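Enquirer: Sharing a structure with you now.
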Amino acid sequence: MNPFTPLFLLLGGSLASLLVDQLLEKVGAVKWRGCLAACVLAAALLLFSWEAYHGVQVAEFIVVGPKSPLTASLRLDHLGLYFSIMFCGLGLAVCVYSLSYFKSESEVRIIDRYYLLLLALVAGMVGVILANDFFTLYVFWELMALSSYSLVAFRKWSWEAVEAGFKYLVMSVTGSIAILFGMSLLYGLTGILNLTELASILKSAEGGMLLHVALLMLIVGFGVKAAIVPLHTWLPDAYTAAPSPVSAIIAGASTGLGALVICKLLFSLFPHLSASWTMFFAAFSVLNMLIGNITGLLQDDVKRMLAYSSIAHIGYIFIGVAAGTRLGLTGALLHIFNHGILKALAFLCIGAIIYRLNARSLSDITGVGRKMPITTSAFTLAILGLIGMPPLNGFVSKLILFTSSLDAGMLWLGILLVIFSAISTGYYLRILKALIAPPDERVANVKEAPLLMLVPMLVLAFLVVLFGIWPDPILSFIESSSSMLCGGGRIC
Amino acid sequence: MNVYELYFGTSIILIVLGLYALISRRNLIKIVLGLEVMTLGVNLAIITMGIRVFKGAYEVDALAQGMVAISMAIGAAVAALALSIAMNIYKHYGTFDIRKLRRLRW
Amino acid sequence: MIEHIVVIAFMIGLFILSIEFRNLLRAILSFAGGNVALSAILYMLGAPLLAVFQLLIYAGAVTILFLVTIHAGEESEEEKDTTSAKIRILSIILAVFLVAVLLTYSPRIMETVRAPQLGLTSLGEHPEFLWVNRWLDLLIQAFIILAVVASISVQLRKEEREERGVEGE
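Chains as they are written, first to last, in this note's numbering: chain Z, 1 to 492; chain X, 1001 to 1106; chain A, 2001 to 2169.
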């Protein structure tokens, strides 16, 4: 399968969705807006899954045009395919959820542009992971980032959203500048931008200081989006202030994409510098876990708590990167996937509670669990998965991360993983306790969430349980991607 | 000092200048101006890496020119979006000053 | 070489002025002047097409965008009041230090640059280079512009009255 097909489907679908929704608005059938966007996402998901089912033929790189290293190219390998499925799947869940989430007049009026931005976001993410050329990766990254700035600042009447959106924009653009600077250094050294060619050239290049500076700039640039600690300050404000479906896709997919691109670049372009970056990532994973968990304990607002827990989970992911081995990379990639599903599910559930109740602090949502049983059970599964309870998927990836830290001789990182997971139960279980407390009169006439919001939550909850008790297909896919990134066992 | 070092140094000065504007200015417009200056600095860095001497005059590699052309367009788009958010902030608060917006906790 | 240094000094001076001016209108005019200087630099370096783009996009469209935003604010065009002197001096020291460190290391960074592995291409010999080889980037660029247009229309939509949606304050 040509990877251009689903990519163009997503891009063309975003434009078509805008036009069709405006047409529907003229005709008067406003309830059907956004359905074309959901269909486009489902079609892209089906195309990717079909390819995965039939086994992936990994080509060197795929171009339309002259096949030279100067051409913008895509590459369909296990890593790209696997995570494209995840991004399209999360996008579909969020799109179906948004069909009934937005009810205020001011938002419904511009819902056609919301679906355009959502599809552009998913198209950008799929393009980043499929890109084989550094500048193409940067352009897709910018597409993803620019779509998300306005989605975060969607509620323009709320001071919180607009200020969070501006802060997010400033920090993210600074990160993009750092990415371009690192890319220009690599271009200056080699003269080409093709990732597969760069990987083979850099193995034998005498880069010296230039490679170290380029590596630092790339880590800082992608680390702004991936919430590495000194650069994470935009994250709690942006996740809290965005509408809940937007928080779900940004927390689940976009932050994970930042960590994913860092993994991909580190292991394929800079494997011989691994002595430097493993120590670096060990230090930063400890900082992430520390700040994420300790600050999470102090929060009262549930969405802010979930945002800090994202920072902590990025810390767990970097334990796998710090190990520097193939097992560590497997653990990191698997945890990016599992954390994406869990965090998106958690944000969708809290969104349903906010939809019914208009409140999101712990004291305000007390007792709502008895009135919204399906939402609360899905939320419970998400929280237990984030803690790392055994039959759920969070446990599998944390186990692999722990084993990889043992394997690489960094037992202290593994022990910190366990300790911080235990500390994190402190705030996760507070949410559960608030939900299942006896209801008071404030929540007396709260009904269950609408069907279109329940279906994505139930599907994601089912996946959480499924990948916990049967991780084999996902694990084999991840193992083939990590072995390909590691160059077939030659490097790590 | 050859042409590469001269222009690399210039681009570093521009990037740090933009960063300084970002950190120390209070007016939203000046912050966006800082973002734009940083973008110009990194565009100059990309061009520097593509310079070579061709028949006695300087010429920049085609790939670098392509990268900078697209990066310029992206920079202008980002400026437009940032300024529209800034206009939004002005409409709701009546000021462009970020100190007055500090209501978000850490 | 001397003409390069003169134009670079002009450009950096104009950009520093654009950040330091308190009157916003003068700041934006000096920003436009700095972009004209940068366009001259691009021309001298042998990228005349990019010099034209620089003038069109930056000294043209972006400057106009800034001017429109300033005039949306009906207050006087002054930046309200200065940052405290301590923070300014601290950030100036930090900036100068950062520049000094980077400039001393830049020869070591740059010494490996002048050995490209692949033959570079010249735009004069292959004028349709961008379209043939990099059409994917240009296509995504078009979608970026579309997404930004949609984002700006989301941001600047008219509100009839104060809306209080689901998570409003």
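All C-beta atoms, glycine included, are put in the ideal place defined by N, C-alpha and C. Computed from a prediction, not measured in an experiment: that's the story for all the values here.
1. Applying a beta-carbon distance threshold of less than 9 Å, which residues of chain X neighbour residue 2088(A)?
2. Is there a Cβ from chain X that is less than 8 Å from the Cβ of residue 170(Z)?
3. Which word fits residue 445(Z), buried or exposed, when buried means at least 16 other C-beta atoms lie within 10 angstroms of its C-beta?
4. Comparing the C-beta of residue 71(Z) with each C-beta of chain A, is any distance below 8 Å?
5. Per the DSSP calculation, residue 1051(X) is bridged to which residue(s)?
6. Which partner residues of residue 74(Z) appear in the DSSP bridge assignment?
7. For residue 1(Z) versus residue 51(Z), is the C-beta distance shorter than 8 Å?
8. Cβ closer than 9 Å: which chain A residues qualify as neighbours of residue 76(Z)?
9. Beta-carbon within less than 7 Å of residue 1072(X)'s beta-carbon, same chain only, minus the 5 sequence neighbours each way: which residues are those?
10. Determine the DSSP secondary structure at residue 1027(X), reduced to helix, strand or coil.
11. Below 8 Å on the Cβ atoms is my contact criterion, and I expect residue 17(Z) with residue 115(Z) to pass it. Report the Cβ-Cβ distance as a whole number of Å.
12. From the DSSP output, in three-state form, read off residue 194(Z) for me.
13. With a 10 Å radius around its C-beta and 16 neighbouring C-beta atoms as the bar for buried, classify residue 2085(A) as buried or exposed.
14. Going by other Cβ atoms of all chains shown within 10 Å of its Cβ, with 16 needed for buried, is residue 476(Z) buried or exposed?
15. Assuming residue 2175(A) and residue 1021(X) form a contact by the criterion Cβ under 8 Å, report the distance between their Cβ atoms to the nearest whole angstrom.
16. Keeping to the same chain, check which residues put their C-beta closer than 6 Å to that of residue 242(Z); ignore five residues upstream and five downstream.
17. If you reduce the DSSP assignment to three classes, tell me which class residue 405(Z) lands in.
18. Kindly indicate which three-state DSSP category residue 479(Z) falls into: helix, strand or coil?
19. For the stretch 116 to 131 of chain Z and the stretch 158 to 173 of chain Z, state whether three or more C-beta atom pairs, one from each stretch, are separated by less than 8 Å.
20. Inspect the beta-carbon positions of residue 317(Z) and residue 332(Z) and report whether they are closer than 8 Å.
21. Residues in its own chain within less than 6 Å of residue 133(Z) by CB, not counting five upstream and five downstream?
22. Closest to residue 1060(X) by CA distance: which of 1066(X), 1052(X) and 1067(X) is it?
23. With 8 Å as the threshold, decide whether the Cβ of residue 2106(A) is near any Cβ in chain X.
24. Between residue 411(Z) and the rest of its own chain, which residues show a CB-CB distance below 7 Å, the 5 nearest in sequence each way excluded?
25. In whole angstroms, give me the CA-to-CA distance for residue 2013(A) and residue 2059(A).
26. Run down chain X in chain order and give the residues with a C-beta less than 8 Å from the C-beta of residue 166(Z).
27. Which one of 456(Z), 419(Z), 308(Z) and 263(Z) has the shortest CA to CA distance from residue 375(Z)?
28. Hey, does residue 1077(X) have any beta-carbon neighbour from chain Z nearer than 8 Å?
29. Have a look at residue 327(Z) and residue 2064(A) and give me their C-alpha separation to the nearest angstrom.
30. Measuring straight from C-alpha to C-alpha, what distance separates residue 2128(A) and residue 2134(A)?
31. For residue 2132(A), which option in 81(Z), 3(Z) and 69(Z) has the closest C-alpha, if you only look at C-alpha atoms?
32. Put residue 512(Z) into one of helix, strand or coil per three-state DSSP.
33. Roughly how many angstroms lie between the CA atoms of residue 380(Z) and residue 314(Z), to the nearest whole one?
34. In the DSSP output, which residue or residues are listed as bridge partners for residue 397(Z)?
35. Just list the beta strand (DSSP E) runs in the stretch 243 to 328 of chain Z, keeping only unbroken ones of 3 residues or longer that don't cross its boundaries, in chain order.
36. Report the residue from 2047(A), 2046(A), 2056(A) and 2049(A) whose alpha carbon sits nearest the alpha carbon of residue 2033(A).
Expert: Let's see:
1. Neighbours of residue 2088(A) on chain X, chain order: 1024.
2. True, the Cβ-Cβ gap to chain X drops below 8 Å.
3. It counts as exposed.
4. Closer than 8 Å: yes.
5. For residue 1051(X), DSSP records a beta bridge to 1060(X).
6. Looking at the DSSP output, residue 74(Z) bridges to 62(Z) and 131(Z).
7. The answer is yes: Cβ separation under 8 Å.
8. Neighbours of residue 76(Z) in chain A, taken as residues whose beta carbon is under 9 Å from its own, are absent, since the nearest beta carbon is some 14 Å off.
9. Only 1043 meet the Cβ criterion.
10. Strand, per DSSP.
11. That belief holds up - the Cβ atoms of residue 17(Z) and residue 115(Z) are roughly 5 Å apart, short of 8 Å.
12. In the structure shown, residue 194(Z) adopts extended strand secondary structure according to DSSP, grouped into three states.
13. By the neighbour-count rule (16 or more Cβ atoms within 10 Å), residue 2085(A) is not buried but exposed.
14. So residue 476(Z) ends up on the exposed side.
15. With chain A covering only 2001 through 2169, there is no way to say anything about residue 2175(A).
16. Excluding its 5 nearest sequence neighbours in each direction, residue 242(Z) has C-beta neighbours in its own chain below 6 Å: 152, listed in chain order.
17. In the three-state reduction of the DSSP assignment, residue 405(Z) falls in the helix class, which pools H, G and I.
18. In the structure shown, residue 479(Z) adopts helical secondary structure according to DSSP, grouped into three states.
19. For the pair of segments examined, the stretch 116 to 131 of chain Z was found not to touch the stretch 158 to 173 of chain Z: the number of CB pairs separated by less than 8 Å stays below three.
20. Contact: yes.
21. If we look at residue 133(Z) and ignore the five residues flanking it on each side, its Cβ neighbours are 72, 73, 193 and 194.
22. The shortest C-alpha to C-alpha distance from residue 1060(X) to any of 1066(X), 1052(X) and 1067(X) is the one to 1052(X).
23. Closer than 8 Å to some Cβ of chain X, the Cβ of residue 2106(A) qualifies, so yes.
24. Contacts found: 405.
25. Taking the straight line joining both Cα atoms gives about 16 Å.
26. Near residue 166(Z) (Cβ distances below 8 Å), the residues of chain X are 1028, 1082, 1085, 1086 and 1089.
27. Closest in C-alpha terms to residue 375(Z), from the list 456(Z), 419(Z), 308(Z) and 263(Z), comes 456(Z).
28. Closer than 8 Å to some Cβ of chain Z, the Cβ of residue 1077(X) qualifies, so yes.
29. Here the C-alpha atom of residue 327(Z) lies approximately 54 Å from the C-alpha atom of residue 2064(A).
30. Taken atom to atom, the span from the alpha-carbon of residue 2128(A) to that of residue 2134(A) is near 10 Å.
31. Of the candidates 81(Z), 3(Z) and 69(Z), the one whose C-alpha sits nearest the C-alpha of residue 2132(A) is 69(Z).
32. Since the first and last residues shown for chain Z are 1 and 492, residue 512(Z) lies out of range.
33. Taking the CA atoms as reference points, residue 380(Z) sits about 21 Å from residue 314(Z).
34. Answer is none; residue 397(Z) lacks a bridge partner.
35. Runs of the beta strand (DSSP E) lying entirely within the stretch 243 to 328 of chain Z, each at least 3 residues long, are absent.
36. It is 2056(A).
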